[in-house]
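These protein sequence lines are chains X and D, in that order. Under full-length UniProt numbering, the first residue of the first sequence is numbered 1, with each subsequent residue one higher. Under full-length UniProt numbering, the first residue of the second sequence is numbered 1, with each subsequent residue one higher. Glycine included, C-beta positions come from ideal geometry on N, C-alpha and C. As the structure is a computational prediction, the values presented were derived from the model and not from experiment. This report concerns only the one structure given below.
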Amino acid sequence: MFANPMILFIQVMNSLSLAMNLFIIAAGLTLIFGVLRIVNFAHGAFYMVGAYVALSILRVTGDSNLGFLLGVLGAGALMGAMAFVVERGLLSRLYDKEHMLQLLFTFALVLVIKDLVKMIWGSGQYSIGAPPFLRGAVNLGISPYPKYALFLCVMGPIIAVAIWFFMERTRWGRILRAAREDRVMLNALGTDVKLVYSGVFVTGAALAAMGGALAAPRSAVDPGMDSLVIIDAFIIVIIGGLGSLLGSFVGALILGFLTVMGSIYLKEWVIVASYVMMVVILLVRPWGLFGKADEERH
Amino acid sequence: MTMCSASTWEGNEMSLLQVEAINVCYGLSKVLHDVSLKIETGELVALVGRNGVGKSTTMRAIMGITPPASGKILWKGQPITRRPSHLNARAGLGYVPEERRIFGSLTVWENLDVARLPPREGLEPWTEDRVFALFPDLERFRNRPGGLLSGGQQQMLTIARTLMGNPELILLDEPSEGVAPLIVAQIGEKIRELRDAGVSIIMAEQNLDFVLNLSDRCYVLEKGVVVYHGTAAELRDNKDVQNRYLHI
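Structure (C-alpha cells):
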C-alpha cells in the first residue's frame, strides 16, 4: 500500500476532502456553543435542510454553475431565515433556563425538521451532481483527482481563514468574543446582546446549511444524512475543544484521516476507532486539544 | 413657597438622574427599601456604607441590570425604570462594576473598542487617544490581554472602557477596592479629572477618606435604607453618623 504512492496520495486527498467537509459543519456548531453556550443537536438537521433546499433550487434553475451557486447561497439564506424565527420565537426564551431544557429543545427541533423534510421531499434518496465546471478530474502530477473533492479541500481552509479573520480582526468578531466572556457587562456597555445571539445562531445555521449543500454532490441526499454528520461533528468539536475554531479544524483533520485511512488499515475496527480516539484525547486533555480548562463562567 | 403646575416644577427642578423609592429583591429577600437619591449635572455624589448595605445593588438597579420591583428611576425627567441596560448605556449612562469585569482574553485596545458608542452632543468625544492620555499606563499595554493586567491597571481599564461610550453619568462602583494605596490616590486624581471634564459621577465607596476628598454630596446606606444625606463637609463633621454607619 505504501509502496504505491498514487493510492496513498488519493487516500490523503480523500481524507482532506472529508475533513474539510466535516469542518464546515463543526465550525458552525462550535461557533454557536462558544457564544451561546448551547449544544445544538439540530445542527445536523440544518445541514440536511441545506442539501434539500439546494436540490429544489437546482430543479428550478437546471443543472448549471450558476444554479449550483444559487443552491448553496439559497440554502444558507433560507436556513438562516428559519433559524432567526426559531431563535427569536423559541430558543431565546431558554437562555436563562437550565441546560437540560436547551438540549431537549434542540433535540425536539431535530425530530420536527426530520418529519418536515419527509413531508416535503419524501423519504427517497436523491443525488446532486457537481456543478459543470467542477466535473471530471484534474491531474495533480502524481495522480488525477476529482475536481469536486479538490474543491472541498480548498473551501475548508478558505472558510476557516474567513471565520478566523472575522473573529480576530473585525469589530463584530471582538464583540462576539466579549459576549462569550461576559454578556451582562457587554450589554451594559451598549451592545444589544440579544441581537448578537440571534446573529450567531443564524450564522451558525446558515453555515450548516451551506455545508450540507456543498456536501451533497459527494454523498446521498436522504432523511438520514443528518445523523451521520452530527455524530462526526460532535466528535470533532469535543476533541478539538468546545468553542475553539482552531480545535475544530484540527479535530476535523484527525477525524477525516482516521475515517479514510482507518477504513483501509483497520478494516471493520474503523467503526470504533473514532470513539477510542475521542476517549484517549479526553483522558489526556478533558477539555479537548484547544479548549480552555476554565471555559465555564456561568 | 410658590405654587406652580407639575410640568413647570419638573422643568425647573429636573435632575440629571432621579431615583424615587426603589425596592429591589433578590429572590425572596429584599435588599433595597425605598431608596431615593438624585444627582445634578456636573455633581459627584457618593453612596457610602459598609459592605453589603446595597450600594452595588443601587447601581445595578439604575443601570437596568437588576431591575427594581417597585419605584421609579428618571433620566433627565424620563422614566427608565426596568429599561434594558444597553439602552441606558446608549442614553448616556456608564457603568463601572466593582468586579471590574474586564474581557480577559481581549486586549486592552479590544476592550476599549467593543465599548465604543457614538459621540454625544455637548461632550468632547472619547477616543482611544484621549483615554490613553488620561491613563498612560494603558497605552503601554494596549496589545496585552486584559486578563494579564494588574489589579490597578484593570481598574483603570474598566473606567477607560466605560468612557468609550461617552457617558454623561458614570456609575462608579468601589473604584478604590483591591488596589494598592498609591494607586488609590492615582485613581482619585483621575476621577477628579473626569469630573472637571464635565462628567457627572455616582460613586459607591467604603473608603470614607477617599469619598470625603472627592465628592460633593453623600448618601449613607445601611441595610438597604438611606439613613443619612448631606454634603461631604457635613458628613465630615458628623462623627455620630460616621461612628454608627461607617466605621468598622
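| query | result |
| --- | --- |
| Give a yes or no on whether the minimum CB-CB distance between X:R177 and chain D is below 7 Å. | yes |
| What distance in whole Å lies between the Cβ atoms of X:M6 and X:I120, which are believed to be in contact at a cut-off of 8 Å? | At roughly 43 Å, the Cβ-Cβ gap does not stay under 8 Å, so X:I120 and X:M6 are not in contact. |
| Per DSSP, D:M203 forms a beta bridge with which residues? | D:A46, D:L172 |
| Interface residues of chain X around D:S85 at Cβ under 7 Å? | N187, A188 |
| Considering Cα atoms alone, identify which of D:R120, D:H229, D:S56 is closest to D:G198. | D:R120 |
| Any beta carbon from chain D within less than 7 Å of X:D192's own beta carbon? | yes |
| Give me the residue from D:L171, D:G54, D:L16, D:S29 with the minimum Cα distance to D:L221. | D:G54 |
| Give me, in chain order, the residues of the same chain whose beta-carbon lies closer than 7 Å to that of X:L11; leave out the 5 immediate sequence neighbours on both sides. | The sequence shown places Gln at residue 11 of chain X, rather than the Leu named in the question. Only V260, M261, I264 meet the Cβ criterion. |
| Check whether the region 209-227 of chain D touches the region 40-54 of chain D, counting contact only when three or more Cβ pairs, one atom from each stretch, lie closer than 8 Å. | yes |
| With a 10 Å radius around its C-beta and 16 neighbouring C-beta atoms as the bar for buried, classify X:A215 as buried or exposed. | buried |
| With 16 as the cutoff for other CB atoms within 10 Å, does X:L18 come out buried or exposed? | buried |
| Is D:R217 helix, strand or coil when you go by DSSP? | strand |
| Which residues share a DSSP beta bridge with D:Q18? | D:K38, D:L74 |
| Hey, is the region 83-101 of chain X in contact with the region 227-247 of chain X, meaning 3+ C-beta pairs nearer than 8 Å? | no |
| Starting from D:Y228, follow the beta strand (DSSP E) in both directions and report where the run begins and ends. | 225-231 |
| Please tell me whether X:D182 has its Cβ less than 7 Å away from any Cβ of chain D. | yes |
| Could you say if the region 126-143 of chain D and the region 195-207 of chain X meet the contact criterion of at least three C-beta pairs nearer than 8 Å? | no |
| Would you report the Cα separation of X:L255 and X:I25, rounded to the nearest angstrom? | 13 Å |
| Go through its chain and collect everything with a Cβ distance to residue 255 of chain D's Cβ below 8 Å, but skip five positions before and after it. | Residue 255 of chain D lies beyond the stretch modelled for chain D, which goes from 1 to 248, so this question has no answer here. |
| Does the beta carbon of D:L32 sit closer than 7 Å to a beta carbon anywhere in chain X? | no |
| Once you ignore the five residues that flank X:S123 on each side, which residues in its own chain have a CB closer than 6 Å to its CB? | P223 |
| Could you please give me the residues that DSSP links to X:P146 through a beta bridge? | X:A137 |
| Measuring straight from C-alpha to C-alpha, what distance separates X:A209 and X:P286? | 30 Å |
| Taking D:R161 and D:N111 to be in contact with their CB atoms under 8 Å, please state how far apart those CB atoms are, rounded to whole angstroms. | 5 Å |
| Report buried or exposed for D:N243, applying the criterion of at least 16 other Cβ atoms within 10 angstroms of its Cβ. | exposed |
| Measure from the alpha carbon of D:P136 to the alpha carbon of each residue in D:G147, D:L123, D:G122, D:G152, then state which is nearest. | D:G152 |
| Hey, which unbroken runs of the alpha helix (DSSP H) at 4 residues or more fall wholly within the region 125-201 of chain D? | 128-134, 136-140, 151-163, 181-196 |
| Locate the alpha helix (DSSP H) running through X:Y197, then write down its first and last residues. | 193-215 |
| For a cutoff of 7 Å on Cβ pairs, would you count D:E121 as touching chain X? | no |
| Would you kindly work out how many angstroms separate the C-alpha atoms of D:E40 and D:S200, rounded to a whole number? | 8 Å |
| Using 10 angstroms around the beta-carbon of D:N166, count the other beta-carbons present and answer buried if the total reaches 16, otherwise exposed. | buried |
| Below 9 Å between beta carbons is the criterion; list the residues of the region 206-240 of chain X that meet it against any residue of chain D, in chain order. | none |
| For a cutoff of 7 Å on Cβ pairs, would you count X:R169 as touching chain D? | no |
| Evaluate D:Q78 with the Cβ neighbour count: other Cβ atoms within 10 Å of its Cβ, from every protein chain shown; 16 or more gives buried, anything less gives exposed. | exposed |
| By the 10 Å Cβ neighbour count, where 16 or more other Cβ atoms means buried, how is X:K114 classified, buried or exposed? | buried |
| Considering only their Cβ atoms, is the gap separating X:F33 from X:L242 smaller than 7 Å? | yes |
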